[in-house]
Amino acid sequence: MDFLRIQPIHLDVLREIGNIGAGHAATALSTMLNKAVDMKVPSVNVISFEEISEMVGGAENVVASVFLRIVGDAPGCMFFMLPVEQAEQLLEDLLVGQTVKLTNGEESDISLSALQEVGNILSGSYLTSFSDFTGLNLQPSVPATSIDMAGAILSFGLFEISTVSDYAIVIDTAFTDIERQDEVKGHFFLLPDPLSFSKIFQALGVPLDE
Amino acid sequence: MSEIIKVGIADINLVSPPNTIRTTGLGSCVGVILFDQVKKIAGMAHIMLPDSSLSKTPTLNEGKYADTAIKSLYNMLIKRGANGKALKAKIAGGAQMFKFSSGSEMMRIGPRNVERVKEELSALKIPLLASDVGGSSGRTIEFNPENTLLTIKTVNAGTKVI
Chain A
1 MDFLRIQPIH LDVLREIGNI GAGHAATALS TMLNKAVDMK VPSVNVISFE
51 EISEMVGGAE NVVASVFLRI VGDAPGCMFF MLPVEQAEQL LEDLLVGQTV
101 KLTNGEESDI SLSALQEVGN ILSGSYLTSF SDFTGLNLQP SVPATSIDMA
151 GAILSFGLFE ISTVSDYAIV IDTAFTDIER QDEVKGHFFL LPDPLSFSKI
201 FQALGVPLDE
Chain B
1001 MSEIIKVGIA DINLVSPPNT IRTTGLGSCV GVILFDQVKK IAGMAHIMLP
1051 DSSLSKTPTL NEGKYADTAI KSLYNMLIKR GANGKALKAK IAGGAQMFKF
1101 SSGSEMMRIG PRNVERVKEE LSALKIPLLA SDVGGSSGRT IEFNPENTLL
1151 TIKTVNAGTK VI
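Order-wise, the sequence lines are chains A and B. Counting in the working numbering, the final residue of the first sequence is number 210, and the numbers go up one at a time with none missing. Counting in the working numbering, the final residue of the second sequence is number 1162, and the numbers go up one at a time with none missing.
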């Protein structure tokens, strides 16, 4: 992937994907929780592998995550990730009356299943709007969940890109719960495979200069 | 004052006492430590991929691939005065963070990294003294060149020393 060919217009296009995709996902989350969810302006960055982990509090920070592969016209990886305490809070809001623990072997099947379902719904709505917006045929794989160190989880999404570059283009959208300002803070990361970028730009009418 | 030397993703670094060396958040990546216990010099590589033939870039980041990273770490240690015949190895990592029913080759990257690391070590005739590989937990590892102990911390499976 030759990042030098990417112009500001291309980053704007990717930011718009993050905006529309995460916008739909935030709406879905808001409906699920029956409360307002605030979304930050998406950021699109060309960053080193180290810096990606820094975005979620460092490689060692423990996060709850849902990961899925995007298959179809523009393959890639998607992560829905949030700090573990906040994932517990989110699930307690959903599973009314239950205390949710996600670490130290205290996690119940129902809470893991609920986490996976939240990830499924949110990434599904993100991906559907991404697909509608670009006209590309995109399908999610079955999502997988993991509660572990952010660096260990994120590296899983970097293998495709790491054969061609030491940097990745990351489309990041953070969101917060309006009532508990900054408390529930999750991230959507979209990491298209290297060869997918030209397809995305082509589909949106801003092809890369050959 | 001792320091902790950091090793990033696809990175290689050397250490000698009283300092220690560490890398954080190993998932399917593998941390390889080579050390000379007599001269008290050690080095660590944080490997992402099994083989440099996977690279599609004109310039190769040697620290990223098992084959090139181990050779390069070996050469760095020799240059620093280590005895090639005395070098020994410890490794950790190579987990499978997510499980998929339809496992493609890319998804099996952890075990492939571990296999390739072991091949490379035996090609260089470096004995592998201890390893903590596989499973589904991320690891943070720290090596002390003074006593050659490797401390492995995980979120879900506790801490161990090998």
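Think of the CB as a built atom: it goes at the ideal place given N, C-alpha and C, for glycine as much as any other residue.
On a Cα-Cα basis, can you pick out the residue from the options that is closest to residue i?
i               : options                            : result
P1145 (chain B) : B:G1158, B:I1162, B:A1157, B:T1154 : B:I1162
P75 (chain A)   : A:V206, A:Q202, A:L204, A:P192     : A:P192
M1001 (chain B) : B:A1069, B:N1061, B:A1066, B:S1016 : B:S1016
A203 (chain A)  : A:D172, A:H187, A:F175, A:F133     : A:F133
P42 (chain A)   : A:E60, A:L11, A:G72, A:S53         : A:L11
K975 (chain B)  : B:Q1096, B:P1050, B:D1036, B:T1154 : Because residue 975 (chain B) is not part of the residues shown, which for chain B are 1001 to 1162, the question remains open.
A1157 (chain B) : B:G1138, B:F1143, B:T1148, B:N1147 : B:G1138
P1111 (chain B) : B:H1046, B:A1095, B:T1140          : B:A1095
G1084 (chain B) : B:P1018, B:G1063, B:F1098, B:L1121 : B:L1121
G1008 (chain B) : B:K1153, B:G1031, B:N1019          : B:G1031
P1127 (chain B) : B:A1045, B:M1076, B:L1087          : B:L1087
M81 (chain A)   : A:S30, A:M39, A:A174               : A:A174
K1064 (chain B) : B:N1075, B:L1077, B:M1048, B:L1073 : B:M1048
S141 (chain A)  : A:F79, A:V71, A:S162               : A:V71
G1072 (chain B) : B:T1024, B:N1113, B:H1046          : Going by the sequence as given, residue 1072 (chain B) is Ser instead of Gly. Here the closest residue by C-alpha is B:H1046.
D148 (chain A)  : A:F67, A:N19, A:V44, A:I20         : A:F67
K1125 (chain B) : B:V1117, B:S1131, B:I1152          : B:V1117
So which residues of chain A does residue i contact, with C-beta pairs closer than 7 Å?
i               : result
G1094 (chain B) : Those within 7 Å of G1094 (chain B) in chain A number zero; the least Cβ separation is about 11 Å.
S1028 (chain B) : S155, F156
I1109 (chain B) : F159
G1008 (chain B) : E50
Work out the CA separation of residue j and residue i for me, nearest whole Å.
i               : j               : result
L127 (chain A)  : L1054 (chain B) : 29 Å
T1059 (chain B) : S1052 (chain B) : 11 Å
L1034 (chain B) : H24 (chain A)   : 49 Å
L1150 (chain B) : I200 (chain A)  : 45 Å
I17 (chain A)   : A1069 (chain B) : 37 Å
S113 (chain A)  : L95 (chain A)   : 11 Å
D93 (chain A)   : I1091 (chain B) : 42 Å
N61 (chain A)   : F189 (chain A)  : 16 Å
K35 (chain A)   : I153 (chain A)  : 29 Å
D1067 (chain B) : T27 (chain A)   : 47 Å
L122 (chain A)  : S165 (chain A)  : 29 Å
V46 (chain A)   : L158 (chain A)  : 13 Å
F156 (chain A)  : A87 (chain A)   : 20 Å
E1115 (chain B) : G1135 (chain B) : 15 Å
S1101 (chain B) : I1041 (chain B) : Note that S1101 (chain B) scores 49 on pLDDT, short of 50, meaning its location in the model is unreliable and no value can be drawn from it.
A150 (chain A)  : C1029 (chain B) : 13 Å
N120 (chain A)  : S111 (chain A)  : 14 Å
A22 (chain A)   : M39 (chain A)   : 8 Å
E107 (chain A)  : V100 (chain A)  : 7 Å
E1119 (chain B) : I1109 (chain B) : 15 Å
T176 (chain A)  : L90 (chain A)   : 11 Å
L102 (chain A)  : R5 (chain A)    : 43 Å
N1019 (chain B) : I1004 (chain B) : 6 Å
L1014 (chain B) : G1043 (chain B) : 4 Å
Y167 (chain A)  : N1061 (chain B) : 12 Å
S30 (chain A)   : P143 (chain A)  : 21 Å
R69 (chain A)   : L14 (chain A)   : 18 Å
D1011 (chain B) : E50 (chain A)   : 10 Å
T1140 (chain B) : S146 (chain A)  : 16 Å
I1152 (chain B) : T1159 (chain B) : 6 Å
H187 (chain A)  : L1129 (chain B) : 40 Å
With H, G and I counted as helix, E and B as strand and the rest as coil, what does DSSP make of residue i?
i               : result
L231 (chain A)  : Because chain A in this structure spans residues 1 to 210, residue 231 (chain A) falls outside the shown range and cannot be described.
M1097 (chain B) : coil
P1017 (chain B) : coil
A144 (chain A)  : strand
G151 (chain A)  : helix
G124 (chain A)  : helix
P1145 (chain B) : coil
V63 (chain A)   : strand
L115 (chain A)  : helix
S1055 (chain B) : coil
N34 (chain A)   : coil
R1080 (chain B) : coil
N1113 (chain B) : helix
G18 (chain A)   : helix
Listing by chain order, which chain B residues have their CB less than 9 Å from the CB of residue i?
i              : result
D148 (chain A) : G1025, G1027, A1095, M1097, S1136, S1137, G1138, T1154, V1155, N1156
A74 (chain A)  : Under the 9 Å cutoff, chain B gives no residues; its nearest Cβ is about 17 Å from A74 (chain A).
Which residues of chain B have a Cβ atom closer than 7 Å to the Cβ of residue i, listed in chain order?
i              : result
V164 (chain A) : K1056, T1057
A25 (chain A)  : By Cβ distance, chain B contributes nothing, its closest Cβ being about 20 Å from A25 (chain A), past 7 Å.
Name, please, each residue of chain B whose Cβ falls closer than 8 Å to the Cβ of residue i.
i              : result
G151 (chain A) : I1009, T1024, G1025, L1026, G1027, G1138
Quick check on residue i - is its C-beta less than 8 Å from some C-beta in chain D?
i               : result
Y1074 (chain B) : Of the protein chains in this structure, namely A and B, none is chain D.
Notebook entry, point to check: Which of the residues in the stretch 37-71 of chain A, read from start to end, lie with their CB under 7 Å from any CB of chain B?
Noted result: Residues passing the 7 Å Cβ filter: F49, E50, S53, A59, E60, V62, F67.
Item checked: Cβ-based contacts, 7 Å cut-off: residues of the stretch 1037-1066 of chain B near chain A -> Listed by position along the chain: M1048, L1049, L1054, S1055, K1056, T1057, N1061, K1064.
Next item on the list: Identify each residue in the stretch 189-209 of chain A for which the Cβ-Cβ distance to at least one residue of chain B is less than 7 Å, and report them in chain order.
Entry: So the list is empty, because no residue satisfies the distance condition.
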